[in-house]
Amino acid sequence: MSKELKTITINEKSETTFKERLWVIIPVVLLVGLISTLVYNHHAEFSWNGLIAGFNQEFLIFFCIGVFAQLVDGTLGMGYGATSTSFLLAYGIPPAISSTGVHVAEMFTTGASAISHHRFGNINKKLVRHLLIPGVLGSIAGAYLLSDVIDGNAIKPFIAVYMIGLAIIIIRKAMQKNIIKKKTKRLNILASFGGFMDAVGGGGWGPIVTSTLLGRGRNPRYTIGSVNAAEFAVAFASGVTFMLFGGIQGWQVIIGLILGGVIAAPIAAILVNRIKRKPMMILVGVLIIVLSLKTLSKLL
């Protein structure tokens, strides 16, 4: 091989390596910047006395909720917001604090989840690129509207009914011996809708986007990994928007959810590779139906 060809090969490898590292570098830089900003603006809560005062029995409950919600989301590609919010509300945390806590915590847990899925090779980068920008724009619009214009509870029944329909499709396809993969058109519209509903309804990116893609016969492992990777950008955008317009409340809730979710993220990424397609799809469908019926029962 000539020197010119060797040089070209080395340059191509270096460029590929750098692009691969960006999938880890970008989330890490954004999270470090976010932590620095939060500590600077809320130094009293992050002081030694503030942290010691926060570690009590309630904190352990929030931590366990964070672990469970992230295991659900990381292995099934959905359910973090719906799971954690339902547990927090059942425990007696006010809706405003629950919503803020979940969205801020998701900025960290989805970052850890994206890095973990990249580490274990669960990501289809082309799919992530199609979902990323539309999802971010939809989440910003939804967070802004929820902060100033509309009531998120008003549209939750429609989201719940839509999710039940998707769940039935997923379960029916899981029962089929041969699932025919169909091309998913208009991914940008799907991502925008998922990001918008996630911000407005307190959850929905996974159930809407992952359910639709799995219902079209896509591979669960790469679908879940890719949707989780794109969710980091979606959660970060909506979280920043909520912080700008609504501020931050409930530090015990936030820190508990963050620590629990970050610890559970790599475990969930490993479990994705070990769960078979059929039981995974059935479990996804059942989870969506249960959560959606719970939402409808509370509203009715």
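Everything in the sequence shown is counted per our numbering, starting at 4 for the first residue and increasing by one.
We put the beta carbon where it would ideally sit given N, CA and C, even for glycine.
From a predicted model like this one, the values you see are computed outputs, not experimental measurements.
Taking only the alpha-carbon atoms, compute the straight-line gap between residue i and residue j and give it to the nearest angstrom.
| i | j | result |
| --- | --- | --- |
| Asn83 | Leu247 | Here the sequence assigns Tyr to residue 83, which means Asn is not the residue at that position. If you take the alpha carbons of Tyr83 and Leu247, they lie about 23 Å apart. |
| Ala144 | Thr112 | 22 Å |
| Ile13 | Ser214 | Here Ile13 scores only 49 on pLDDT, less than 50, and its place in the model should not be relied on; the value that follows carries that caveat. For Ile13 and Ser214, the distance between alpha carbons rounds to 41 Å. |
| Thr78 | Ser229 | 12 Å |
| Ile257 | Ile136 | 26 Å |
| Val31 | Glu234 | 15 Å |
| Ile266 | Ser87 | 15 Å |
| Val275 | Ser119 | 11 Å |
| Arg277 | Asn125 | 12 Å |
| Val243 | Phe90 | 23 Å |
| Arg175 | Lys279 | 16 Å |
| Leu193 | Ala85 | 19 Å |
| Ala170 | Gly259 | 30 Å |
| Phe62 | Gln255 | 6 Å |
| Gln60 | Ala72 | 19 Å |
| Val164 | Val203 | 16 Å |
| Gly352 | Leu290 | For residue 352 there is no data in the structure shown, the boundaries of the chain being 4 and 303. |
| Arg24 | Leu148 | 35 Å |
| Asp76 | His121 | 16 Å |
| Leu33 | Thr40 | 11 Å |
Apart from the five residues just before and just after residue i, which ones in its own chain have a Cβ nearer than 6 Å to its Cβ?
| i | result |
| --- | --- |
| Met283 | Pro223 |
| Ala177 | Lys281, Met284 and Ile285 |
| Met81 | Gly209, Pro210 and Thr213 |
| Ile261 | Ala108 and Phe111 |
| His133 | Leu190 |
| Leu74 | Ala267 and Ala271 |
| Gly253 | Ile100 and Gly104 |
| Ile167 | Ile292 and Ser295 |
| Asn127 | Tyr225 and Ser229 |
| Leu130 | Ser229 |
Starting from residue i, trace the alpha helix (DSSP H) both ways and give me its first and last residue.
| i | result |
| --- | --- |
| Asn191 | Leu190 to Gly204 |
| Ile211 | No alpha helix (DSSP H) contains Ile211, which DSSP labels as neither H nor E. |
| Ile273 | Trp254 to Val275 |
| Phe90 | Tyr83 to Tyr94 |
| Phe62 | Gln60 to Leu79 |
So, at 7 Å on beta carbons, what are the nonlocal neighbours of residue i in its own chain, with the 5 sequence-adjacent residues on each side left out?
| i | result |
| --- | --- |
| Cys67 | Gly263 |
| Ile211 | Phe196, Gly197 and Met200 |
| Leu217 | Ile173, Pro223, Thr226, Met284 and Val287 |
| Ala240 | Val139, Ser142 and Ile143 |
| Leu37 | Met110 |
| Ala2 | Nothing about residue 2 can be reported from this structure: the residues present for the chain run from 4 to 303 only. |
| Tyr94 | Ile64 |
| Ile11 | The predicted model places Ile11 with a pLDDT of 48, which falls under 50 and marks its position as unreliable, so this point remains unresolved. |
Less than 8 Å between the CB atoms is what I'm expecting for residue i and residue j, so what's the real figure, rounded?
| i | j | result |
| --- | --- | --- |
| Ala115 | Ala268 | 4 Å |
| Val237 | Gly138 | 4 Å |
| Ala146 | Phe65 | Between Phe65 and Ala146 the Cβ distance is about 22 Å, and since that is not below 8 Å, they are no contact. |
| Ile28 | Phe123 | About 18 Å separates the two Cβ atoms, so there is no contact after all. |
Could you name the residues of the same chain whose beta carbon sits closer than 8 Å to that of residue i, not counting the 5 residues immediately before and after it, in chain order?
| i | result |
| --- | --- |
| Val70 | Gly263, Gly264, Ile266 and Ala267 |
| Ser2 | Nothing can be reported for residue 2: it is not among the residues displayed for the chain, which extend from 4 to 303. |
Quick one: any contact between the segment 287-298 and the segment 90-103, if contact means 3 or more CB pairs under 8 Å?
no
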